[in-house]
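Going left to right, the sequence shown walks through residues 6 to 607 as this note's numbering numbers them.
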Amino acid sequence: MSEQARVKVIYPDGKEYKGWALKGKKARETLALAGMAFKGSCGGRGTCGKCKIRISGEINELSDNEREQLLPEEIKRGERIACYCIIQGETSIWLDYVGGQDISIPVIQASVLKGHPTVYTREVFIPGRDREKPVPVLERLQAALDPMPLEITLDNLNNLSRLDRLGRPALELYALIMQNRVKYVGRERRNVYGIALDIGTTSLLAALVDLEQGQVVGVCSRTNMQRVYGENVLARVSYCVENQDGAGRLQQIIINNINSMLEELITRNNISSEFIYRLCVVGNPVMLHLFLGLDVSGFATVPYSGLFKSELVYTAAVLGLNLNPATEVVVLPQIGSFVGADTIGCLVTLKPVSTRRYLMIDIGTNGELVLNNRGKMWAASAAAGPAFEGEGITCGMRAVQGAIDKVWIENGVLQYHVIGQERARGICGSAVIGLVAGLIRAGLIEASGTMRSNSAAGLNTTSEGELVLAQADKTDNGIPMVFTQDDIRQVQLAKAAIRSGIDILLKQAGLTYKDLDRIYLAGAFGNYLEPDNCIKIGMLPPIDINKISNIGNAAAEGAIMVLLSEESRAHARELSAAIECVELADYKNFQDIFMQNINFPV
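What follows is the structure, given as structure tokens:
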């Protein structure tokens, strides 16, 4: 135990976590392995300066590099940079509020499917055990339920044996049936649940679904703590390639994340983990590989390729999930390259209309795009980076309590809304887009992205020309919240990546944006975007905004549909086989197209 140090973590609400850490480990790694959320976007390289924590106890001295990233008042408060701070003995860490109680992520509740349900319970009667010619209980069950195969667990069979006493004329039982397979038989009718799991690069979402009623009964979201090892998929791939145990470490982090979410859903809804029979998983290809503990080196160089594309099925026991060991884990099929099962999930929710032309965009750290031209479909992945997730921005953060989620300029005065109506802790992606669009409308940003010096005439700026979003007395940490020229550049790079993907897919199909019947914005982030702001910054083409629809977290909804319907599951496989994947970086004149989209359409 001498190589370990006791660590106490105190959350903003006063709750405490006590555990052990290895001496000599950085604070960021200790927190990440424990599944605790904290700020930071540089993957532990010590360059972003965001992973600030307040810490006391046996730690290393403040370094010059660390001192450069901290304000004098922060040093006085005992704040450190987590990726520089090394734990040497017993310590206490105070975390800023950066996650845990995320805002509600919209998931459209799946309705009960028409026709014969995929999951149902039926009564079954079997004769009692005969003294003269005893027939094993399993054979009696099989005869009563023929031709459906029995796939009950050994524990279930043992429990039935305790009911099967001599002299009992008959047994009145309930059989739980999934896809015409008998999964459980017992004296009591039991509820049956599934989990739809969306593994995003930045965030995770799990929805608990009553499979008989076809209803979502619980939702839980978390920060994907793999972000500590890289803010985007390529950074995490690089970490795995450079470190022998990298993939294993990132898998353990994601499994810890998911187990924490499962525990919350089970506890909050007062159910047993034994009643969860299936998980349906979506995510981009890199996230799915890391979830499964697979080698991701195929994503490190062109041509990008993973180890699988088709649907995979495993058990919870194989993956280390804290559920019934026999729980089925279904990983939806992918499209190719960096376009994964999350995109398939989104498309499952859209009715396959062969006479229409639409564009579906799931905007995030790794943006996915699909163009449907009357039944023929192309897909591409655009590396937008983390700006739209609130990362990579000076005062950026996820859309949780304390985040500015909406910004507008009214009569020359900057106005904003804070989630939870608390003091501002940072600005999230939807507000970043709204802010830039508002500055363009006010004539305070040039087409090149340069903030005009006369912005000080209408809005507050610092001596360095940074725009002040909130003064020190309006922020949680007592430090003015600013928006910088570099932040605008990050938005330009992100929106240019998305728009270039749109332009290239339209060229591939021989269409222009005017030919589109509809644009669908998917994802939890996309649900909060205002279409006119997206057009104003040039991320979307200048289409009629009435043709733009927000469809929420469609990836998770698609996973729910697959949980409930074999028809949706088959549709997912058909989509995977039919869509052509376009590699944007290999496209002719990609760099020219990208540079053309850097400027704002002022």
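Idealized CB from N, CA, C, for every residue including glycine.
Problem set entry | 6 Å Cβ shell around ASP169 - same chain, five flanking residues per side excluded | ARG134, VAL142
Problem set entry | Inter-residue Cα distance where the pair is TYR234 and ASP300 | 16 Å
Problem set entry | C-alpha distance - ASP597 paired with LEU239, whole-angstrom precision | 23 Å
Problem set entry | Inside the segment 357–396 only - beta strand (DSSP E) runs reaching at least 3 residues | 362–367, 372–378, 381–387
Exercise. Do the CB positions of SER554 and ILE507 come within less than 9 Å of each other?
Worked result: no
For this session: Report the three-state DSSP secondary structure of VAL437 (helix, strand or coil).
Result: helix
Problem set entry | Residues near ARG85 by beta carbon distance below 8 Å, same chain, minus five either side | ALA32, LYS57, ILE58, ARG59, ILE60, ILE64, LEU67, GLU71, LEU75
Exercise. Taking Cβ positions, are GLY62 and ILE92 nearer each other than 9 Å?
Worked result: yes
Exercise. Could you give the residue range of the beta strand (DSSP E) that holds MET486?
Worked result: 486–488
Exercise. How about ALA564 and GLY350: do their beta carbons lie closer than 9 Å?
Worked result: yes
Problem set entry | When GLY454, ALA577, SER342, VAL222 are compared against ASN604, the one with the closest alpha-carbon | GLY454
Problem set entry | Top-ranked residue by Cα proximity to THR360, from TYR592, GLY380, LEU374, ALA561 | GLY380
Problem set entry | Alpha-carbon to alpha-carbon, SER278 and GLU137 | 40 Å
For this session: Just grab the DSSP bridge partners of ASN538 for me.
Result: Note: ASN538 sits in no beta bridge, so no partner.
Exercise. Going by Cα to Cα distance, which pick from VAL336, GLY303, ASN329 is closest to TYR319?
Worked result: VAL336
Exercise. Which residue comes first and which comes last in the alpha helix (DSSP H) that contains ASP597?
Worked result: 595–601
Exercise. Any idea what DSSP makes of PRO77, helix, strand or coil?
Worked result: helix
Exercise. Roughly how many angstroms lie between the CA atoms of VAL242 and SER342, to the nearest whole one?
Worked result: 13 Å
Exercise. Taking Cβ to Cβ, would you say LEU36 is nearer than 9 Å to GLU8?
Worked result: no
Exercise. Nearest CA to the CA of LEU312: which residue from ALA404, ILE368, PRO338?
Worked result: PRO338
For this session: Return helix, strand or coil for GLY251, following the three-state DSSP convention.
Result: helix
Exercise. Does the Cβ of MET4 have 16 or more other Cβ atoms within 10 Å, making it buried, or fewer, making it exposed?
Worked result: This structure cannot speak to residue 4, because the chain is shown only from 6 to 607.
Problem set entry | Any non-hydrogen atom of the ligand SAH within 8 Å of GLY62 CB | The ligand content of the structure shown is nil, which means the ligand SAH is not present either.
For this session: Can you tell me which of VAL423, ASP520, ILE542 puts its alpha carbon nearest to the alpha carbon of ALA502?
Result: ILE542
Exercise. Which residue's Cα is closest to the Cα of GLY407: ALA436, LEU516, LEU472?
Worked result: ALA436
For this session: Could you please give me the residues that DSSP links to SER310 through a beta bridge?
Result: Looking at the DSSP assignment, SER310 forms no beta bridge with any residue, so it has no partner.
Problem set entry | ASP410, enclosing beta strand (DSSP E) - first and last residue | 408–415
Problem set entry | Exposed unless 16 or more other CB atoms sit within 10 angstroms - verdict on ASP522 | exposed
Problem set entry | Own chain, CB closer than 6 Å to VAL447, minus 5 neighbours either side, in chain order | Checking the sequence shown, residue 447 turns out to be Ala, not Val. Only ILE414 meet the Cβ criterion.
Problem set entry | Backbone CA spacing between VAL187 and CYS90 [nearest angstrom] | 54 Å
Problem set entry | Bounding residues of the alpha helix (DSSP H) (the contiguous stretch that carries ASP160) | 159–168
Problem set entry | Chain-order list of residues whose beta-carbon lies under 8 Å from that of GLN106 (same chain, five-residue window excluded) | Only weak support is given to the placement of GLN106: the predicted model assigns it a pLDDT of 39, under 50, and the value that follows is read from those uncertain coordinates. Excluding residues within five positions, the ones whose Cβ falls inside 8 Å are VAL405, GLN406.
Problem set entry | Exposure of TRP25, with buried meaning 16 or more beta-carbon neighbours within 10 Å | exposed
For this session: Could you tell me the distance, in whole angstroms, from the CA atom of GLU21 to the CA atom of GLU95?
Result: 15 Å
For this session: Under 8 Å by Cβ, that's how I've got LEU474 and ILE409 pegged, so tell me the actual separation to the nearest angstrom.
Result: 7 Å
Problem set entry | C-beta contact flag for GLY557 and ASN532 at 9 Å | yes
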